[in-house]
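Notes for the one structure printed next.
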Amino acid sequence: MSHLPPVHEKQINPLKAALLAPFSARYRRQHAQRHLPVEEQAFLRHSIMTGDRAFLLAKNSKAACTTLAQMLVEYSTGRPLADEHQAHRPQPGMFYGFDGLHWRELHAAWHRLPGGGEPVRFSCVRHPLGRFVSCYRYFFEKKARPGLRHLKPLESRGFDPSGDRTRNMEIFADYVAEAIAEAPAICDPHFREQNRNVGHGLVELDVLGRVEDFTAFLEELFERAGRPELMDRLQSIRLSFNRTPGPPPQVSAPLRRKVRSIYERDYALFGYDD
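Per this note's numbering, the sequence shown starts with residue 110, numbered consecutively.
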């Protein structure tokens, strides 16, 4: 049985966007972004900014991404969402890159262009091995919706949802490596290289934290914004403290080496060890 190709995020089709722009707001937004590199288009899709332009987040999936998005929603609206995952969907009075909705405002804010304001530009990273295992668990043990699209390609490679976990993780690691090699900018952001998710080489960050030092990261973020009181005020922050991960998980030596080879640049850039 031949392998099915990895599933990636959809890339803007310039011709289709040009043809449909007169009839669709979505395609007008896509057509307007045609001058941006694919890497930046993908990066902007995963950005969120508060309505007052105080905070601008580069979402890094599986590195406190949902917690930080929920935090910005609570800051902007005064209350956290009952379903925290809805924080990734556009909320009233905020700027979202989702579906290219506010790409102009976000592009201006990231690059400090006129009208973009001066938000604190921030993101968060995580130990690559811990992030990889978290992604696997989220997709295939919690059976989260984003993982379903990868199931058939994985099964074509020998993945068995009810089979041996170690073997399944090794198959998943090979699939991730293939996806990143094939489409580094638009592969699934849950396992995309973190340096791409945080915009390394595209934008400058004012604060880059670590999930492993989450409290210190948030203190630095709020101090930078001149709002230290937010540390105690935001309910979504208090709830997050119980989620801080421990040491990198115990996995087989071959899998550890494989993950290291996939994310070598992240290990080097962000100072992580095995």
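Idealized CB from N, CA, C, for every residue including glycine.
Of the listed residues the options, nearest to residue i (C-alpha basis)
i: Thr159; options: Arg305, Arg319, Gly187, Gly267; result: Gly187
i: Lys367; options: Ser243, Cys296, Ala286; result: Ala286
i: Gly380; options: Glu321, Arg301, Glu118; result: Glu321
i: Ala134; options: His211, Glu149, Phe204, Pro146; result: His211
i: His144; options: Asn122, Ala196, Pro298, Arg235; result: Asn122
i: Ala282; options: Leu222, Val312, Phe241, Glu183; result: Phe241
i: Arg254; options: Ile280, Trp219, Asp297, Ala218; result: Asp297
i: Val312; options: Ser111, Leu166, Glu329, Arg138; result: Leu166
i: Tyr284; options: Arg246, Arg138, Arg319, Ile371; result: Ile371
i: Gly318; options: Ala290, His236, His299, Leu260; result: His236
i: Val147; options: Ile157, Phe132, Ser156, Gln120; result: Gln120
i: Ser156; options: Phe204, Glu279, Phe132; result: Phe204
CB contact flag (residue i, residue j, <7 Å)
i: Arg162; j: Gly226; result: yes
i: Gly239; j: Phe248; result: no
i: Pro115; j: Pro337; result: no
i: Leu153; j: Gly206; result: yes
i: Ala294; j: Ala126; result: no
i: Phe164; j: Val229; result: yes
i: Cys244; j: Ala173; result: no
i: His117; j: Ala130; result: no
i: His197; j: Ala218; result: no
i: Pro189; j: Gln344; result: yes
i: Lys171; j: His299; result: yes
Local Cβ density within 10 Å of residue i, reported as buried at 16 or more and exposed below that
i: Phe231; result: buried
i: Asp192; result: exposed
i: Asp269; result: exposed
i: Arg274; result: exposed
i: Arg301; result: buried
i: Leu181; result: buried
i: Leu222; result: exposed
i: Gly335; result: exposed
i: Ala362; result: exposed
i: Asp375; result: buried
i: Glu149; result: buried
Inter-residue CB distance, residue i and residue j (contact presumed, cutoff 8 Å)
i: Leu364; j: Ile346; result: Rounded, the Cβ-Cβ distance is 33 Å, inconsistent with contact.
i: Asn304; j: Leu215; result: Actually they do not touch by this definition, with Cβ atoms about 19 Å apart.
i: Asn277; j: Asn169; result: Contact flag wrong, Cβ pair sits at about 24 Å.
i: Arg333; j: Asp315; result: 6 Å
i: His112; j: Ser265; result: 5 Å
i: Arg138; j: Gly209; result: 4 Å
i: Pro200; j: Ser185; result: The sequence shown places Gln at residue 200, not Pro. That pair is a contact at about 7 Å.
Neighbour flag for residue i against chain B, beta carbons, 7 Å
i: Leu124; result: The structure shown contains no chain B; it is built from a single protein chain.
The ligand FAD heavy atom lying under 6 Å from the CB of residue i
i: Glu287; result: Of the ligands one can find in the structure shown there are none, so the ligand FAD has no counterpart to examine.
### Message
Quick check for students: name the residue ranges of the beta strand (DSSP E) that lie wholly in the stretch 127-201, counting only runs of 3 or more.
### Response
156-158, 164-167
### Message
Restricting to runs no shorter than 3 residues, where is the beta strand (DSSP E) found entirely within the stretch 255-323?
### Response
316-319
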